[in-house]
Amino acid sequence: MTDSVNILIDRDNANDEEATVVKVYAVSGTLVHADEPVFDVENSKATIEVIAPAEGVLVHALAVGDAVPYGVPVARIVPPGTTDLDGAIPFKPGAVAFQKPAFVEPPATPPKPVVSVTRVTEPAVAPVYAEVEDYQPEAPPGSLTPRFSHAAAALAAEHGLAASDFRTELVTSRDVQLMLRGTSVAPPGVEQVGNRTPILPRKREEIEFLRGGAGDTMLSVLGCDVGPITIHREPGTTFSGKITDLVVYEASRLVRKYPRLNAAYHDNGSELHACVNAGIAFDEGGRLVVYGVENADKKDLLALRADIEDALSRYMEKKLSRAEITRATFTISDLSSMELDFILPLLPRGQSLIVGVTRNPSRGYSIYAGFDHRVTEGLEVAKFLTDLRDRLRSFSDGPAAEPSCWFCGRSAREEVEIYHGRGLIKVVDAHGEEHLACNACWRMV
Amino acid sequence: MFGDFVTYAFDQLVNNASKFFHMYHGMMSCPVVVRAPMGGRRGYGPTHSQSLERFLIGIDNCCVLTLSSIIDVAPQLETLLHLKGPAVVIENKIDYAAKTFQAPAGFVVEANDPPFPTIRVRPRHARPDVTIVVYGGSARYFLDRLGEIFERADVVPEVLVLTAIHPIDIGAVVESVSRTGRLMTVEEGATFGAVGGEIIAEVNAVLRGKIRSARLGSKPVPIPSARSLEDATLPSIDEICDMLQLLVEEVR
Numbered sequence: 074m075t076d077s078v079n080i081l082i083d084r085d086n087a088n089d090e091e092a093t094v095v096k097v098y099a100v101s102g103t104l105v106h107a108d109e110p111v112f113d114v115e116n117s118k119a120t121i122e123v124i125a126p127a128e129g130v131l132v133h134a135l136a137v138g139d140a141v142p143y144g145v146p147v148a149r150i151v152p153p154g155t156t157d158l159d160g161a162i163p164f165k166p167g168a169v170a171f172q173k174p175a176f177v178e179p180p181a182t183p184p185k186p187v188v189s190v191t192r193v194t195e196p197a198v199a200p201v202y203a204e205v206e207d208y209q210p211e212a213p214p215g216s217l218t219p220r221f222s223h224a225a226a227a228l229a230a231e232h233g234l235a236a237s238d239f240r241t242e243l244v245t246s247r248d249v250q251l252m253l254r255g256t257s258v259a260p261p262g263v264e265q266v267g268n269r270t271p272i273l274p275r276k277r278e279e280i281e282f283l284r285g286g287a288g289d290t291m292l293s294v295l296g297c298d299v300g301p302i303t304i305h306r307e308p309g310t311t312f313s314g315k316i317t318d319l320v321v322y323e324a325s326r327l328v329r330k331y332p333r334l335n336a337a338y339h340d341n342g343s344e345l346h347a348c349v350n351a352g353i354a355f356d357e358g359g360r361l362v363v364y365g366v367e368n369a370d371k372k373d374l375l376a377l378r379a380d381i382e383d384a385l386s387r388y389m390e391k392k393l394s395r396a397e398i399t400r401a402t403f404t405i406s407d408l409s410s411m412e413l414d415f416i417l418p419l420l421p422r423g424q425s426l427i428v429g430v431t432r433n434p435s436r437g438y439s440i441y442a443g444f445d446h447r448v449t450e451g452l453e454v455a456k457f458l459t460d461l462r463d464r465l466r467s468f469s470d471g472p473a474a475e476p477s478c479w480f481c482g483r484s485a486r487e488e489v490e491i492y493h494g495r496g497l498i499k500v501v502d503a504h505g506e507e508h509l510a511c512n513a514c515w516r517m518v
Numbered sequence: 003m004f005g006d007f008v009t010y011a012f013d014q015l016v017n018n019a020s021k022f023f024h025m026y027h028g029m030m031s032c033p034v035v036v037r038a039p040m041g042g043r044r045g046y047g048p049t050h051s052q053s054l055e056r057f058l059i060g061i062d063n064c065c066v067l068t069l070s071s072i073i074d075v076a077p078q079l080e081t082l083l084h085l086k087g088p089a090v091v092i093e094n095k096i097d098y099a100a101k102t103f104q105a106p107a108g109f110v111v112e113a114n115d116p117p118f119p120t121i122r123v124r125p126r127h128a129r130p131d132v133t134i135v136v137y138g139g140s141a142r143y144f145l146d147r148l149g150e151i152f153e154r155a156d157v158v159p160e161v162l163v164l165t166a167i168h169p170i171d172i173g174a175v176v177e178s179v180s181r182t183g184r185l186m187t188v189e190e191g192a193t194f195g196a197v198g199g200e201i202i203a204e205v206n207a208v209l210r211g212k213i214r215s216a217r218l219g220s221k222p223v224p225i226p227s228a229r230s231l232e233d234a235t236l237p238s239i240d241e242i243c244d245m246l247q248l249l250v251e252e253v254r
């Protein structure tokens, strides 16, 4: 044998990091044969015999009770004739070796029961919960060092916010967003009650959209009455009682005549949009989106109606794509399903015109135009509005001014020529409203 | 002995120890305390790494405690000596060598008053977004990483550590969830038919469904011996962060 061979203890269970020497068969310097036992070591599960892997002189510094680690050389077999045996010892147990309880003298006093053990490093634990009223979600600015989540740190850095700006100790991205939107609406010296509700992401998006439009433009509004539009609609269909489709159809064609109304203010100039995408505001319970009808100026009325009805059903199913709700080049907001006298339509970002539609019983339909005064001016919008009004009136089934019975719809002409009456009677109802009534309806009421 | 083999004591607990008091008209009881070291994360394999408490919390008249190294357990051990009925004490082997928990910056540790207290680790100066309920060995594992969880999940948690999982101190949980509106339970065993589901059900019964909740546990498979596979099986920091973000995500 010419080379030395290390003796390692294999780990044979997952519990222990080391084993304990319980028997030493051969003292250091003894000649041992291959497969001859040299030590017994014990782990938490079993006692294991360690055998010599080769013939030679065993060198070690182990004694009973020593702790030996797994996987490292703890003894070595060296060739006979090696002079420096001490120098060949691969492992020396620590000064304080692990002692098996069996080797320990019984203590003079019995150990204390475990329940009376007291810890030296007692943590600072409050004996009882702090009352909820004692919670201090905020601390005076500068009195603490806030800790930021990764998302909050990135957002704060992006907007140049300093740690000392925050009053909570643990800052999330929502805290940063609240800070960016202004934390207080209370006048100076007036305390807030602390029931602040954060703006939902959907509403934030809407605010951003309007901030870039109405919030940043020189908004002005003009309006004119259209009067009643007596167009035949099947009751209960999408457009019954409304003129959305007509306004989209006519306004889309008209903005080609007034191109500055299909434009946007940008960087000290106005840019005309290359196409006409009419936006229609859909709002069903706090979910306002503006659907853009692509190339609305090139679609006929039937195609427009189909497009809008399809978009409306997909809006209800929340299936409108991002592109569809951002591509509008001007907007129409039709509130004619309710009785209103006025609307101040707010201009969305990237547009110069928004048309609002209202209806009330005495005036019929009215149209309003909100516009960016930096791109166009009142005279042009007034011409656009009167053009639009005239075109809308042309849709009426007959002369809108022809008097008819408010109750049954019989016209004055029918009453006289077919039913041989004298004409219509003006009646006043319980609300003081005046209506025209034919002879038959007047008798019934 | 590993707590995995508490199964050998199951019959004695279910049919004897927990029943004597009632069977013998209160003249007899069996205040035995069974200590069961449970839990994984050390590569011990399928039969030495389990968390079997979900089989124990259904034994009526048998207390199930989960000790942890979050606060000193000496008073709890003292209380155990005075129990009138049987108790199973679930411990975690990793906790044996651990020093008592110290709260990370921005959080404080509190405990309430009952004999087996519910420990609360709450933000000192911030409003908590979510209530996390955890117990046993998982408590230390996740609380040691609480700062990292806050930073990565972008969520401020308030953590409740249960000392008793049967019966549960549900009042403390309800109080916290009534402020945060969101509840997440974390346990080391699989979630089906387990502690987290019971906590969520109890809280829902009081707060009448006004909360958002989620439960995190291990995958429903025997725990592998290989450390890498064991880590993939037991609940992880990644999973807790993902679940927290889902809980606070606003409903669109």
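Protein chains in written order, with my numbering: chain A, 74 to 518; chain B, 3 to 254. No residue lacks a Cβ here, since even glycine has one placed at the ideal position from N, Cα and C. All of these numbers come straight from a predicted model, not from anything done at the bench.
Check                                                                                                                   : Outcome
8 Å Cβ cutoff, A:T311 in contact with chain B                                                                           : no
Reduced DSSP category for B:T165 - H, G, I as helix; E, B as strand; rest coil                                          : coil
3 or more residues per run - each beta strand (DSSP E) lying fully within the segment 87-152 of chain B                 : 89-94, 109-113, 121-125 and 132-137
Span separating the alpha-carbon of A:V190 from that of A:A148                                                          : Note that A:V190 scores 31 on pLDDT, short of 50, meaning its location in the model is unreliable; the coordinates nonetheless yield the value given after this. Cα to Cα, A:V190 sits roughly 40 Å from A:A148.
Neighbour flag for A:A127 against chain B, beta carbons, 8 Å                                                            : no
Those residues which DSSP pairs with A:L104 across a bridge                                                             : A:V130
CA-to-CA distance, A:E323 to A:D463, given in whole angstroms                                                           : 10 Å
The segment 171-180 of chain B contacting the segment 207-224 of chain B, beta-carbon criterion three pairs below 8 Å   : yes
6 Å CB neighbourhood of A:E357 in its chain, flanking five on each side removed                                         : none
Between the CA atoms of A:E307 and A:M517 - distance to the nearest angstrom                                            : 27 Å
One or two residues paired with A:L158 in a DSSP bridge                                                                 : BP columns for A:L158 are empty, so no partner.
Whole-angstrom distance between B:F109 and B:K221, CA atom to CA atom                                                   : 30 Å
Segment contact flag, the segment 139-148 of chain B with the segment 88-96 of chain B, C-beta cutoff 8 Å, min 3 pairs  : yes
Whole-angstrom distance between B:P88 and A:V95, CA atom to CA atom                                                     : 40 Å
Test: A:R466 CB closer than 8 Å to a CB of chain B                                                                      : no
DSSP bridge partner residues for A:A442 (one or two, in chain order)                                                    : A:L295 and A:V428
Proximal residues to B:K101 (C-beta, below 8 Å), its chain only, five neighbours per side dropped                       : S71
Beta-carbon proximity list for B:G149, same chain, < 6 Å, skipping 5 on both sides                                      : P106
Whole-number beta carbon distance between A:R220 and A:Y143, since they are thought to touch under 8 Å                  : In fact, because the Cβ distance is near 41 Å, the residues do not count as touching under 8 Å.
Cutoff 8 Å: A:L458 Cβ touching any chain B Cβ                                                                           : no
C-beta atoms of A:G300 and A:Y438 nearer than 8 Å                                                                       : yes
Spatially closest choice to B:M29 from B:L69, B:K86 and B:S53, by CA coordinates                                        : B:K86
Distance between A:E507 and A:V501 (C-alpha atoms, nearest Å)                                                           : 5 Å
Where the segment 143-163 of chain B meets chain A: residues whose CB sits under 8 Å from a CB there                    : G149, F152, E153, R154, A155, D156, V157 and V158
8 Å Cβ cutoff, B:H84 in contact with chain A                                                                            : no
Integer-rounded CB distance, given that A:F457 should sit under 8 Å from A:I427                                         : The Cβ separation is near 12 Å, so there is no contact.
CB contact flag (B:G191, B:S31, <8 Å)                                                                                   : no
Segment contact, 8 Å Cβ cut-off, at least three pairs: the segment 30-49 of chain B with the segment 223-230 of chain B : yes
Test: B:P125 CB closer than 8 Å to a CB of chain A                                                                      : yes
Near-chain B residues of the segment 216-227 of chain A (beta-carbon distance less than 7 Å), N- to C-terminal order    : L217, R220, S222, H223, A224 and A225
Exposure of B:V197, with buried meaning 16 or more beta-carbon neighbours within 10 Å                                   : buried
Test: B:G41 CB closer than 8 Å to a CB of chain A                                                                       : no
Assigned exposure category for A:N341 - 16 Cβ within 10 Å defines buried                                                : exposed
Nearest candidate by alpha-carbon position, reference A:M411, set A:K371, A:S313 and A:C481                             : A:S313
Cα-Cα separation, B:G65 to B:R154                                                                                       : Note on residue identity: the sequence assigns Cys, not Gly, to residue 65 of chain B. Approximately 37 Å, taken between the alpha carbons.
Delimiting residues of the beta strand (DSSP E) encompassing A:L81                                                      : V78 to L81
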